[in-house]
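Participant: Can you keep this structure in mind? I'll have questions shortly.
Number of protein chains: 4
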Amino acid sequence: MIDIAVIGAGRIGRIHATNLHLHPGANLRCIVDVSKTAAAELAAHCDTQVGSLESVLGDASIQAIIIASSTNTHAELVEAAANAGKAIFCEKPLDLDVATAQKSLQVAEQQDVLLCVGFNRRHDPSFERVKKEIDTGSVGDVEVVSITSRDPSPPPADYIARSGGLFKDMMIHDFDMGRWLLGEEPIEVFAIGSVLVDEKIRTAGDIDTAVATLRTESGRLCQITNSRRCSYGYDQRIEVFGSAGMARAGNQRETLVETAGAAGYARDRALPFFLERYKDAYRIQLDRFLRVLNGEELELPTGIDGLRALQIADAAQRSSDSGLPVSL
Amino acid sequence: MIDIAVIGAGRIGRIHATNLHLHPGANLRCIVDVSKTAAAELAAHCDTQVGSLESVLGDASIQAIIIASSTNTHAELVEAAANAGKAIFCEKPLDLDVATAQKSLQVAEQQDVLLCVGFNRRHDPSFERVKKEIDTGSVGDVEVVSITSRDPSPPPADYIARSGGLFKDMMIHDFDMGRWLLGEEPIEVFAIGSVLVDEKIRTAGDIDTAVATLRTESGRLCQITNSRRCSYGYDQRIEVFGSAGMARAGNQRETLVETAGAAGYARDRALPFFLERYKDAYRIQLDRFLRVLNGEELELPTGIDGLRALQIADAAQRSSDSGLPVSL
Amino acid sequence: MIDIAVIGAGRIGRIHATNLHLHPGANLRCIVDVSKTAAAELAAHCDTQVGSLESVLGDASIQAIIIASSTNTHAELVEAAANAGKAIFCEKPLDLDVATAQKSLQVAEQQDVLLCVGFNRRHDPSFERVKKEIDTGSVGDVEVVSITSRDPSPPPADYIARSGGLFKDMMIHDFDMGRWLLGEEPIEVFAIGSVLVDEKIRTAGDIDTAVATLRTESGRLCQITNSRRCSYGYDQRIEVFGSAGMARAGNQRETLVETAGAAGYARDRALPFFLERYKDAYRIQLDRFLRVLNGEELELPTGIDGLRALQIADAAQRSSDSGLPVSL
Amino acid sequence: MIDIAVIGAGRIGRIHATNLHLHPGANLRCIVDVSKTAAAELAAHCDTQVGSLESVLGDASIQAIIIASSTNTHAELVEAAANAGKAIFCEKPLDLDVATAQKSLQVAEQQDVLLCVGFNRRHDPSFERVKKEIDTGSVGDVEVVSITSRDPSPPPADYIARSGGLFKDMMIHDFDMGRWLLGEEPIEVFAIGSVLVDEKIRTAGDIDTAVATLRTESGRLCQITNSRRCSYGYDQRIEVFGSAGMARAGNQRETLVETAGAAGYARDRALPFFLERYKDAYRIQLDRFLRVLNGEELELPTGIDGLRALQIADAAQRSSDSGLPVSL
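Residue numbers (this note's numbering), protein chains in the order written: chain A, 15 to 342; chain B, 15 to 342; chain C, 15 to 342; chain D, 15 to 342.
Shown next, in the form of C-alpha cells:
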C-alpha cells in the first residue's frame with residue numbers, strides 16, 4: 015500500500031485523485047489546493063482529507079506526491095518534494111522555462127527520488143501497441159512518424175494567456191510521442207503556426223493551428239499537425255511508417271454502431287476530449303507509477319523525457335517565431 | 015444505499031459482487047454459496063461477509079438479492095426471495111422448464127416484488143444504440159433482424175450436460191435480443207442444430223452449431239446464427255434492417271491499431287469472451303437495477319422477458335428435434 | 015476469334031453485347047430480338063448486324079449464342095441451339111418449371127454442347143476471393159454461410175407477375191452462391207416470405223422480403239436474407255464461417271472517401287444496383303466463356319448448376335407456401 | 015471525332031494510346047517514338063500506324079498530340095506542337111528547368127493552343143470527391159491538407175539519375191494536389207530529404223524519403239510525406255481538414271474481402287502501383303481532354319499548373335539542399 019498525496023484539485027487533479035481512490039494499492043492521504051473549497055470538494059468525493067503542503071512534506075509516511083497544480087508551481091513543488099525525499103509524479107510541462115525545469119530535475123537527481131512526468135498518451139493501449147509493433151520489428155526500421163492531434167474547441171482566452179503557447183501546452187505531448195516512436199533523438203525542428211480558428215488567440219499572442227517537422231541524425235522524420243478546433247471530436251491519431259510496414263492507431267468512438275440510409279453510411283464522432291479518450295491511459299499511468307514504487311521494473315516517462323519534450327517545444331516556438339528551422 | 019446479497023460465488027456471481035463492491039450506492043452485505051470456500055474467497059475479494067440463505071431471507075434490512083447460483087436453483091430462490099419480500103435480480107435462464115419458470119414468476123407477481131432477469135446484452139452501449147436508432151425512426155419499420163453469436167470455444171462436456179442445451183443456454187440471449195429489436199412478439203420459430211465442432215457434444219445430447227428463424231404476426235423476420243467455436247474471438251454482432259435504413263453493431267477489439275505489411279492490412283481479433291465484451295454491460299445492468307430500486311423509472315428486462323425467451327428456446331429445441339417449425 | 019450471336023436486346027442482352035463488342039477475342043455477329051427496333055438499336059451500338067434466330071441457327075460459322083431473352087423462351091432456345099450444335103451461354107433461370115429446364119439440359123447433354131448459366135456473381139472478384147479462401151483452407155471446414163441480398167427498390171408490378179416469384183427470380187442467385195460456398199449439396203430448405211415493402215406485390219401473388227435456411231447432409235448451414243427494397247444501395251454481402259476462420263465480402267462504394275463533421279463520420283452508399291456492382295463480373299464471365307471455347311480449362315457454372323438452383327428455388331417456394339421445410 | 019497522335023511509346027504512352035484506342039470519340043492516327051520497334055509494337059496493339067514527328071506536325075488533320083516521351087523532350091515538343099497549332103496534352107513535368115518550362119508555356123500562349131498537363135490524380139474519382147466536399151462547403155474553410163504518397167519500390171538507379179530528383183519527379187504530383195486542395199497559392203516551402211531506402215539513390219545524388227510543408231499567405235498549411243518504398247502497396251492518401259469538418263480518401267484494395275482467424279482480421283494490400291490505382295483517372299483525364307476539344311467547358315490542369323508545381327518542386331529541392339525554407 016502506497017501512501018500518497020495529490021497537489022491540485024483542478025480537472026487533472028480530480029482524475030488522479032479518483033483513480034487513486036479506486037486503486038486497491040493506494041492510500042490517498044490528502045488533497046492539497048490553494049482553494050480550500052476545491053480541495054474539500056475533491057477530498058469528499060474521494061473519501062479523504064484536505065491537507066497542506068507543509069504537512070505533506072513533513073509527513074514521512076507519505077511516500078509519493080502527485081503534482082497536478084498550475085504549471086507555474088511545478089518546478090518549485092518538484093524541488094520541495096525531492097528535498098523531502100518523496101517519489102514524484104508531475105504533470106506536464108515541468109515548467110514553461112527550460113532552465114527552471116532543468117534545475118528542478120537536478121534537485122530530483124541529487125536527492126535520487128523517482129520523478130515521473132504525466133505523458134499520459136504513452137500509456138494509451140493503442141499507442142502502446144503501435145510502439146510494440148516497432149519494438150517487435152513488424153514495422154522494420156522507422157522512417158516517418160505522423161501525428162495528428164486536434165482539440166474539439168479552443169480553451170478560454172485566459173487559459174491561452176498563461177498556457178505557454180500551443181507548442182508547450184499542446185504539441186508538447188506530440189513531441190514526446192515523436193521522440194518515443196522515432197527511437198532516436200530529434201536534432202532539428204521546423205514549426206509553423208497560424209491563427210485560423212479564433213482571432214482572440216492571436217490577441218493573446220498565440221496560434222491555434224500548427225504543423226511541425228522533426229528530423230533525427232540518421233534522417234528519420236516526424237510530422238505533427240495540431241489544431242485547437244475539430245468538429246468531429248478529439249482527433250488523436252498516430253501512424254508509423256517503416257522499412258517493413260506500417261502501424262497506426264485511429265480514433266475511438268462512443269459505440270461500435272454503423273448505420274446506413276439514403277444519405278449513405280454513418281458512424282459516431284470521435285470521443286469528445288481527453289477525459290474520455292485517455293480514461294484508461296490515466297488509470298494505467300498511475301497504476302504503473304505505483305507498481306514502480308513497489309519495486310517493479312517498468313519504463314515510465316521521467317523528468318528527462320519531460321525536459322526533452324520541453325526543449326523541443328521551446329525550439330518549435332523559436333522556429334515558428336523566426337520562420338527558420340532550429341537545431342536541438 | 016441499497017443493502018444487497020449475492021447468491022452464487024461462481025464466474026457470474028463474481029462479476030456481480032465485484033460491480034456491487036465498487037458501486038457507491040450498494041452495500042454488499044454478504045455472499046452465499048453452497049461452497050463455503052468459494053463464498054469466503056469472493057467475500058474477501060469484495061470486503062464483505064459470508065452469509066447463509068436463511069440469514070439473508072430473514073434479514074429485513076437486506077432489500078435485494080442477486081441470484082447467480084446454478085440454473086436448477088433459480089426458480090426456487092426466486093420464490094423464496096419473493097416470499098421474503100425482496101427485490102430480485104436473477105440470472106438467465108429462470109429455469110430449464112417453462113412451467114417451473116412460470117410458477118416462480120407467479121409468486122413474484124403475487125408478492126409484488128421487482129424481478130429482473132440478467133439479459134446483460136440489452137445494456138451493452140452498442141446494442142442499446144441500435145435499439146435507439148429503431149426507436150427514433152432512423153431504421154424505419156423493422157423488417158429483418160440478423161444476430162450472430164459465436165463463443166470462442168465450447169464449454170467443458172459436464173457443463174454441456176447440465177446446460178439445458180444450446181438453445182436454452184446460449185441462444186436464449188439472442189431470442190431475447192430478437193424480441194427486443196423486432197418490436198413484435200415472434201409467433202413461430204424454426205431451428206436447426208448441427209454438431210460440427212466437437213463429437214463429445216453430440217454424445218452429451220447437444221449441438222454446437224445452430225441457426226434459427228423467428229417470424230412475427232406481421233411478417234417481420236429474425237435470423238440467428240450460433241456456434242460454440244470461433245477462431246477470431248467472441249463474435250457478437252447485430253444488424254437491423256428496416257424500411258428506411260440499417261443499423262448494426264460490430265465486434266470490439268483490444269486496441270484501435272491497424273498494421274500493414276507485405277501480407278496486407280491486419281487488425282486485432284475480437285475481444286476474447288463475454289467477460290471482456292460485456293464488461294460495461296454487466297456494470298450498467300446492476301447500476302440500473304439499483305436505480306430502479308431507488309425509484310427511477312427505467313425499462314429493464316423482467317421475469318416476463320425471461321419467460322418469453324425461455325419459451326422460444328424451448329420451442330426452438332422442439333423444432334430442432336422434430337425438423338418442423340413450432341408455433342409460439 | 016469466336017463468332018457469337020446475342021439473343022435478346024433488353025437490359026441484360028445489352029450488357030453481354032457490349033462486353034462482346036469490346037472483347038478482342040469475340041466477333042459479335044448479330045443481335046436477335048422479337049423487337050426489330052430494340053435489336054437494331056443495340057446492333058448499332060455494338061457495330062454489328064440484326065439477325066434472325068433461323069439465320070443464326072443455320073449459320074455453321076456462328077459457334078456460340080448468348081441467350082438473354084425473356085425467361086419463358088430460355089428452355090426452347092437452349093434446345094434449338096443445342097440441336098444446332100452451338101455452345102450456349104444462358105441467363106438464369108433456365109426456366110420457371112423444373113421439368114422443362116431438366117428437359118432442355120438433357121438435349122444439351124445429348125448434343126454434347128457446352129451449356130453455361132449466367133450466375134454472374136460467381137465471377138465477382140470479391141466473392142471469388144471468398145471461395146478461394148475456402149479452397150486454400152484458411153476458413154477451415156465450412157460451417158455456416160450467410161448471404162445478404164437486397165435490391166434498391168422493387169421492380170414494376172408487371173415484371174413481378176411474370177418473374178416466377180422472388181425465390182426463382184432473385185434468391186436463385188443466392189441459392190447458387192450457397193451451393194458453391196457450402197461445398198456440399200443442400201438436402202433441405204426452409205423459407206419464409208413476407209410482404210413488407212409493397213402491397214401491389216402481394217396482389218401480384220408474390221412476396222418482397224424473405225429468409226431461407228439450407229442444410230446439407232453433414233449439417234452445414236446457410237442463411238439467406240432478401241429484400242426488394244434497400245435505402246442505402248444494392249446490398250450484396252457474403253460471409254463464410256468455418257472451423258479455422260471467417261471470410262466475408264462487403265459492399266462496394268462509389269469512392270474511397272470518408273468525411274467527418276459535427277454529425278459524425280460518413281461514407282457513400284453502396285453502389286446503386288447490379289449493373290454497377292457486377293460490371294466486372296459480367297465482363298469476366300463472358301471472357302471465361304470465350305476462354306473455355308478456346309480450349310482453356312476453367313470451372314464455369316453449367317446447366318446442372320442452373321437446374322440445382324432452380325430446384326432449390328422451387329422447393330423454397332413450396333416451403334414458403336406450406337410453412338414447412340422441404341427436402342431436396 | 016478528334017484526330018490525335020501519341021508521342022512516346024513507353025509505359026505512360028502505352029496507357030494513353032490504349033485509352034485513345036478504346037475511346038469512341040478519338041481517332042488515334044499514329045504513334046511516334048525514337049525507337050521504331052517500340053512505336054511499331056504499340057501501334058499494332060492499338061490498330062494504328064507508326065508516324066514521324068514531322069508528318070504529325072505537318073498534317074493539319076491531326077488536331078491534338080499527347081506528349082509522353084522522355085522529360086527532356088517535353089518543352090521542345092510543346093513549342094513545336096504549339097507552333098503547328100495543335101492542342102497539347104503533356105505529361106508532367108513540363109521540364110526539369112523552370113525557365114525552359116516557362117518559355118514553352120509562352121509559346122503555347124502566343125499560339126493560343128490548349129495546353130493540358132498530365133496531373134492524372136486530379137481526375138481520380140476519390141480525390142475529386144474530396145475536392146467537391148471542399149467546394150460544396152462541407153469541410154468549411156480549409157486549414158490543413160495532409161498528403162501521403164509512397165511508391166511500392168524505388169525505380170532503377172539510371173531512372174533516378176535522369177529523373178530530376180524526388181521533388182520534381184514524384185512529389186510534384188503532391189505539390190499540384192496541395193495547390194488544388196488548399197485553394198490558395200503556397201508562398202513558402204520547407205522540405206527535408208533523407209536516404210533511408212537505398213544507398214544507390216544517395217550515390218545518384220538523390221533522396222528516397224522526404225517530407226515537405228507548404229504555407230499560404232493566410233496561413234493554410236499542407237504536409238506531404240513521400241517514400242520510394244512501401245511494403246503494403248502503393249500508398250496514396252489525402253486528408254483535408256477544415257473549420258467545419260474533414261474529408262479524406264483512402265487506399266484502394268484488390269477486393270472487398272476481409273478474413274479473420276486466430277491471428278486477427280486481415281485485408282488485402284493496397285493496389286500495387288499507379289497503373290492499377292489510377293487506371294480510371296488516366297481514362298477520365300483523356301476523355302476530358304477530348305471533351306474540351308469538342309467545346310465542353312471543363313477545368314483541366316493547364317500549363318500554368320504544370321509550371322507552378324515545378325516551381326514548388328524546384329524550391330523544395332533548394333530547401334532540402336540548404337536546410338532552410340524557401341519563398342515562392
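Cβ coordinates follow ideal geometry from the N, Cα and C atoms, glycine included.
When the Cα of B:PHE103 is compared with those of B:SER140, B:ALA82, B:GLN266, which residue comes out closest?
Facilitator: Along the second sequence, one-based indexing puts residue 103 of chain B at 89. It is B:ALA82.
Participant: Indicate whether at least one CB of chain D lies closer than 8 angstroms to the CB of C:GLY275.
Facilitator: As a first step, residue 275 of chain C must be located in the third sequence, where it is residue number 261. Judged by the 8 angstroms Cβ criterion, C:GLY275 is in contact with chain D.
Participant: Where does C:ILE76 fall in DSSP's three states?
Facilitator: If you number the third sequence from 1, residue 76 of chain C lands on position 62. In the structure shown, C:ILE76 sits in coil (DSSP, three-state: anything other than H, G, I, E or B).
Participant: Alpha carbon to alpha carbon, how far is C:PRO107 from C:THR114?
Facilitator: Residue numbering aside, residue 107 of chain C sits at position 93 when the third sequence is read from its first letter. Residue numbering aside, residue 114 of chain C sits at position 100 when the third sequence is read from its first letter. Computed Cα separation, rounded: 11 angstroms.
Participant: Cβ of D:ILE238 within 8 angstroms of Cβ of D:MET184?
Facilitator: Start at 1 with the first residue of the fourth sequence, and residue 238 of chain D comes out as number 224. Start at 1 with the first residue of the fourth sequence, and residue 184 of chain D comes out as number 170. No; because the gap between Cβ atoms is not below 8 angstroms, this pair is not in contact.
Participant: Consult DSSP for A:SER118 and reduce its assignment to one of helix, strand or coil.
Facilitator: The sequence position of residue 118 of chain A within the first sequence is 104, counting from 1. The answer is helix: DSSP assigns A:SER118 an H, G or I state.
Participant: From C:GLY320 to C:VAL131, what distance separates their C-alpha atoms?
Facilitator: For the purposes of this step, residue 320 of chain C is identified with residue 306 of the third sequence, where counting begins at 1. For the purposes of this step, residue 131 of chain C is identified with residue 117 of the third sequence, where counting begins at 1. So the alpha carbons of these two residues sit roughly 6 angstroms apart.
Participant: Tell me whether the beta-carbon of D:LEU210 lies closer than 8 angstroms to the beta-carbon of A:GLY151.
Facilitator: As a working mapping, residue 210 of chain D is identified with position 196 in the fourth sequence. As a working mapping, residue 151 of chain A is identified with position 137 in the first sequence. Not in contact: D:LEU210 and A:GLY151 (Cβ atoms no closer than 8 angstroms).
Participant: Which residues of chain B have a Cβ atom closer than 7 angstroms to the Cβ of C:MET260, listed in chain order?
Facilitator: Position 246 of the third sequence, counting from 1, holds the residue named residue 260 of chain C. Near C:MET260 (Cβ distances below 7 angstroms), the residues of chain B are TYR246.
Participant: In three-state DSSP terms, what is D:GLY256?
Facilitator: Counted from its first residue, the fourth sequence places residue 256 of chain D at position 242. Of the three classes helix, strand and coil, the one that applies to D:GLY256 here is strand, per DSSP.
Participant: B:ALA258 to C:ASP249, Cα distance in whole Å?
Facilitator: As a working note, residue 258 of chain B is residue 244 in the second sequence. As a working note, residue 249 of chain C is residue 235 in the third sequence. When rounded, the distance between both Cα atoms is 14 angstroms.
Participant: Suppose you measure from the CA of C:ALA23 to the CA of C:HIS59; what does that come to, to the nearest Å?
Facilitator: Here residue 23 of chain C is taken as the residue at index 9 of the third sequence, counted from 1. Here residue 59 of chain C is taken as the residue at index 45 of the third sequence, counted from 1. Roughly 11 angstroms between the two C-alpha positions.
Participant: Which of the three DSSP states is assigned to A:SER6 in this structure?
Facilitator: Residue 6 of chain A lies beyond the stretch modelled for chain A, which goes from 15 to 342, so this question has no answer here.
Participant: For D:ILE80, I'd like the list of residues in its chain whose CB is within less than 6 angstroms of its CB, leaving aside the five on either flank, ordered along the chain.
Facilitator: Taking the first residue of the fourth sequence as position 1, residue 80 of chain D is located at position 66. Closer than 6 angstroms at the Cβ level, and outside the excluded window around D:ILE80, lie VAL20, HIS30, PHE103.
Participant: Exposed or buried, what is B:ASP126 when buried is set at 16 or more other beta-carbons lying within 10 Å of its beta-carbon?
Facilitator: Stepping through the second sequence from its first residue, residue 126 of chain B is reached at position 112. Flag for B:ASP126 reads exposed.
Participant: Name the chain C residues whose beta carbon is nearer than 9 angstroms to that of A:ASP282?
Facilitator: To locate residue 282 of chain A, count along the first sequence from 1; it is residue 268. Correct list: GLY278, TYR279.
Participant: Given this structure, state the Cα-to-Cα distance separating A:GLY278 from D:THR269, to the nearest angstrom.
Facilitator: The sequence position of residue 278 of chain A within the first sequence is 264, counting from 1. The sequence position of residue 269 of chain D within the fourth sequence is 255, counting from 1. Computed Cα separation, rounded: 20 angstroms.
Participant: Taking 8 angstroms as the CB-CB limit, is C:GLU157 close to chain D?
Facilitator: On the third sequence, residue 157 of chain C is found 143 positions in, with the first residue counted as 1. So, not an interface residue.
Participant: Keeping to the same chain, check which residues put their C-beta closer than 6 angstroms to that of A:ARG242; ignore five residues upstream and five downstream.
Facilitator: Counting from one through the first sequence, the residue named residue 242 of chain A turns up at place 228. Answer for A:ARG242: ASP165, PRO168, VAL211, ASP222, listed in chain order.
Participant: Could you give the C-beta distance for C:ASN41 and C:ILE18, rounded to a whole number, given that I count them as a contact under 8 angstroms?
Facilitator: Along the third sequence, one-based indexing puts residue 41 of chain C at 27. Along the third sequence, one-based indexing puts residue 18 of chain C at 4. The pair is a contact, with the Cβ atoms about 7 angstroms apart (cut-off 8 angstroms).
Participant: Cα-Cα, which of C:LYS50, C:ARG216, C:GLN120, C:TRP194 is closest to C:ALA323?
Facilitator: As a position in the third sequence, residue 323 of chain C is number 309, starting the count at 1. Among C:LYS50, C:ARG216, C:GLN120, C:TRP194, the Cα nearest to that of C:ALA323 belongs to C:TRP194.
Participant: In chain order, which beta strand (DSSP E) runs of at least 3 residues are fully inside the segment 16–67 of chain A?
Facilitator: Whole beta strand (DSSP E) segments, 3+ residues: 16–21, 40–46.
Participant: In terms of residue numbering, what span does the beta strand (DSSP E) encompassing D:GLN237 cover?
Facilitator: Looking up residue 237 of chain D in the fourth sequence gives position 223. Unbroken beta strand (DSSP E) run through D:GLN237: 235–241.
Participant: What did DSSP end up calling B:GLN250 once you bin it into helix, strand or coil?
Facilitator: The sequence position of residue 250 of chain B within the second sequence is 236, counting from 1. Looking at B:GLN250 - three-state DSSP - the assignment turns out to be strand.
Participant: Can you tell which of D:GLU202, D:LEU304, D:ILE161 has the C-alpha that lies nearest to the C-alpha of D:ARG251?
Facilitator: Taking the fourth sequence and counting its residues from 1, the one referred to as residue 251 of chain D is at position 237. D:ARG251 has its Cα closest to that of D:ILE161, out of D:GLU202, D:LEU304, D:ILE161.
Participant: Under 8 angstroms between C-beta atoms, does C:PRO339 make it to chain D?
Facilitator: The residue given as residue 339 of chain C occupies position 325 in the third sequence. Closer than 8 angstroms: no.
Participant: Please classify B:PRO170 as buried or exposed, where buried requires at least 16 other C-beta atoms within 10 Å of its C-beta.
Facilitator: Taking the second sequence and counting its residues from 1, one reaches residue 170 of chain B at position 156. Exposed, by the Cβ-count rule.
Participant: Please report the distance separating the alpha-carbon of C:SER66 from that of C:THR316.
Facilitator: Your numbering for residue 66 of chain C matches position 52 in the third sequence. Your numbering for residue 316 of chain C matches position 302 in the third sequence. Answer to the nearest angstrom: the Cα atoms are 26 angstroms apart.
Participant: Using a beta-carbon distance below 8 angstroms, is A:SER160 in contact with chain B?
Facilitator: For the purposes of this step, residue 160 of chain A is identified with residue 146 of the first sequence, where counting begins at 1. Not an interface residue.
Participant: Specify, as a first and last residue, the run of the beta strand (DSSP E) that B:ILE102 falls within.
Facilitator: Numbered from 1 along the second sequence, position 88 holds the residue referred to as residue 102 of chain B. Per DSSP, B:ILE102 belongs to the beta strand (DSSP E) from 101–104.
Participant: Could you work out which residue in D:ALA226, D:VAL64, D:GLY178 is closest to D:ALA218 when comparing CA atoms only?
Facilitator: As a working mapping, residue 218 of chain D is identified with position 204 in the fourth sequence. Comparing Cα positions, the closest option is D:GLY178.
Participant: With a cut-off of 8 angstroms, does the C-beta of A:PHE189 fall near any C-beta of chain D?
Facilitator: Within the first sequence, the letter at position 175 stands for residue 189 of chain A. Output row for A:PHE189: interface = no.
Participant: What's the call for D:GLU147, buried or exposed, on a 16-neighbour Cβ count within 10 Å?
Facilitator: Taking the fourth sequence and counting its residues from 1, one reaches residue 147 of chain D at position 133. D:GLU147 should be labelled buried.
Participant: Just grab the DSSP bridge partners of D:PRO200 for me.
Facilitator: Residue numbering aside, residue 200 of chain D sits at position 186 when the fourth sequence is read from its first letter. D:THR230.
Participant: With distances taken from CA atoms, which of C:ILE298, C:GLN266, C:VAL159 is nearest C:PRO286?
Facilitator: By 1-based counting over the third sequence, the position of residue 286 of chain C is 272. Among C:ILE298, C:GLN266, C:VAL159, the Cα nearest to that of C:PRO286 belongs to C:GLN266.
Participant: Between which two residues does the beta strand (DSSP E) containing A:TYR279 stretch?
Facilitator: Here residue 279 of chain A is taken as the residue at index 265 of the first sequence, counted from 1. From DSSP, the beta strand (DSSP E) with A:TYR279 extends over 278–281.
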